[in-house]
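In what follows, a single structure is set out as structure tokens and then discussed.
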Amino acid sequence: MHERPARSPSTLDHPPPTNVLVVGVGGQGVLLVSKVLARLCQANGFTVKQSEVHGMAKRGGVVFSHVRFGAKVWSPTIPAGEADVLLALEWAEGIRWLPHLKPHDGTFISDTRRLVPPFACRDRRPGAPSGYVTDTAAEILSRVDTGYALDATGMAGELGNPRTANTVLLGVLSTVLDFPEEQWLDTLTDLVPAKSQAINRDAFLKGRAWAVNPTIPPPEPARSEAEKSQSVTLEITAAWCKSCDICVKMCPERCLRLDHQQIVELKEPDACTGCRICEMLCPDFAIAVHIT
Ligand code: SF4
Ligand code: SF4
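When the sequence shown is numbered by numbering that gives the first Met the number 0, its final residue is 291 and no position is left out of the sequence of numbers.
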């Protein structure tokens, strides 16, 4: 992993603009990250252009947002090879967008948590390979000038809400773009609901603190034979389920269904193998698989 000093806004008074590309899948909070950044840049007197694609948010579809800021910004979209920062809320999306990063001095920031798209699960037998990208964090970081790969979803989960992984990553971004910490926090606080302001501040500070001494996460361990023989329970957070039906359709054992309120439920607990496909596919973190 390489590191370099933070980019100072004072060096950005002249063209070319600074380009930040935020990518992920529906439900992860790509737009919150880009809104915080855009508003912060505006407050500091920069011209800002922001463009976004956020279709299929209910179904885990691709979402991305371009943020460009500087003294003058002519186009809202970042050409390939011109992103100063690529911030990915999902590992495969980060890898897919790598060609947009500046090859010699771009900064890559990504959650290592994997949300496997349905098309990557053609073979749904238990234990079958998913077809998802296999590049490890170490491999990807060796290909970029400056890189940060972290289990942001896990870190957010430790704080009590894995859906604040986007804010953990925002905290990492804050160490790359050198605006004052209080401005980041104030802008973030303005843009999130009052009930989630405290956890978002904690998530931001957790990501920011991690970036001071970043580490490279090890590859995900394969599921062991011992683990396969243990008992499985599903924790379903009904309030986060958007009824998209992905998990129901993709469960290899067909043991999930939507109840009368269109919330997922485990209809056949004995059939569940604990393969974690539903957990990986759910774009809203509504399912957690526990193996004990
Ligand atoms: S872990 Fe999820 S996808 Fe796998 S069998 Fe159980 S309910 Fe189905
Ligand atoms: S739990 Fe299933 S139905 Fe609910 S949002 Fe997640 S993938 Fe969709």
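Backbone N, C-alpha and C define an ideal beta-carbon position, used for all residues, glycine too.
Note that the structure is predicted; figures quoted are calculated from it, not measured.
- Message: Let me check understanding here. Comparing Cα to Cα, which of E92, L86, Q41 lies closest to K71?
- Response: Q41
- Query: Considering only the beta carbon of each residue, do L88 and L97 sit closer than 8 Å?
  - Reply: In this structure, L97 does not lie closer than 8 Å to L88 by Cβ.
- Query: Is it the case that the Cβ atoms of V62 and V24 are separated by a distance below 8 Å?
  - Reply: Yes.
- Query: Any idea what DSSP makes of R162, helix, strand or coil?
  - Reply: helix
- Whether A155 touches A164 by CB criterion (8 Å): Yes, the pair counts as a contact, with Cβ atoms nearer than the cut-off.
- Item | Cβ-based neighbour list, I198, same chain, cut-off 7 Å, excluding 5 preceding and 5 following | Leaving aside the five residues that flank I198 on each side, the residues in its chain whose CB is nearer than 7 Å to its CB run, in chain order, L158, G159, N160, T163.
- Message: Following a CB-centred definition, is R256 positioned closer than 7 Å to any heavy atom of ligand 1?
- Response: It does not: the Cβ of R256 is nowhere closer than 7 Å to a heavy atom of ligand 1.
- Query: Is K241 near ligand 2, in the sense that its beta carbon is under 7 Å from a heavy atom of that ligand?
  - Reply: At least one heavy atom of ligand 2 is nearer than 7 Å to the Cβ of K241, so yes.
- Confirm, please, whether the CB-CB distance from I286 to V231 is below 8 Å. no
- Message: Taking the beta carbon of S141 as the centre, do at least 16 other beta carbons fall within 10 Å, making it buried, or is it exposed?
- Response: Here S141 is exposed: its Cβ has fewer than 16 other Cβ atoms, across all protein chains shown, within 10 Å.
- Beta-carbon contacts of S33 that lie in its chain and below 7 Å, excluding the five residues immediately before and after: V21, Q49, E51, S64, V66
- Please classify H65: does DSSP put it in a helix, a strand, or coil? strand
- Could you tell me the distance, in whole angstroms, from the CA atom of P216 to the CA atom of R113? In this structure, the straight-line span from the alpha carbon of P216 to that of R113 is close to 13 Å.
- Query: Looking at I245 and ligand 2, is the gap between the Cβ and the nearest heavy atom below 7 Å?
  - Reply: yes
- Item | Exposure label - V211; buried when at least 16 CB within 10 Å | An exposed status is given to V211, since fewer than 16 other beta-carbon atoms sit within 10 Å of its beta-carbon.
- The alpha helix (DSSP H) enclosing V35, as first and last residue numbers: 29–42
- State the DSSP-derived secondary structure class of V167, mapped to helix, strand or coil. helix
- Task: Count the other CB atoms, across all protein chains shown, that sit within 10 Å of the CB of E92; report buried if there are 16 or more and exposed otherwise.
- Result: Label assigned to E92: buried.
- Message: Could you check whether V35 and T186 sit closer than 8 Å to each other, using their CB atoms as the reference points?
- Response: yes
- Query: Going by the CB atoms, is the gap between V288 and V263 shorter than 8 Å?
  - Reply: No, these two residues do not count as a Cβ contact at 8 Å.
- Query: Under the rule that 16 or more other beta-carbon atoms within 10 Å means buried, what is P282, buried or exposed?
  - Reply: With a threshold of 16 other beta carbon atoms within 10 Å, P282 meets it and is buried.
- Is it right to say H99 is buried, meaning 16 or more other beta carbons lie within 10 angstroms of its own, or is it exposed? buried
- Item | Assigned secondary structure, N212 (DSSP; H/G/I helix, E/B strand, else coil) | coil
- Task: Please report how far the alpha carbon of N18 lies from the alpha carbon of I77, in whole angstroms.
- Result: 7 Å
- Of the residues T236, A238, L255, the one placed nearest I245, counting alpha carbons only: L255
- Task: In angstroms with no decimal places, state the Cα-to-Cα distance between D269 and T214.
- Result: 39 Å
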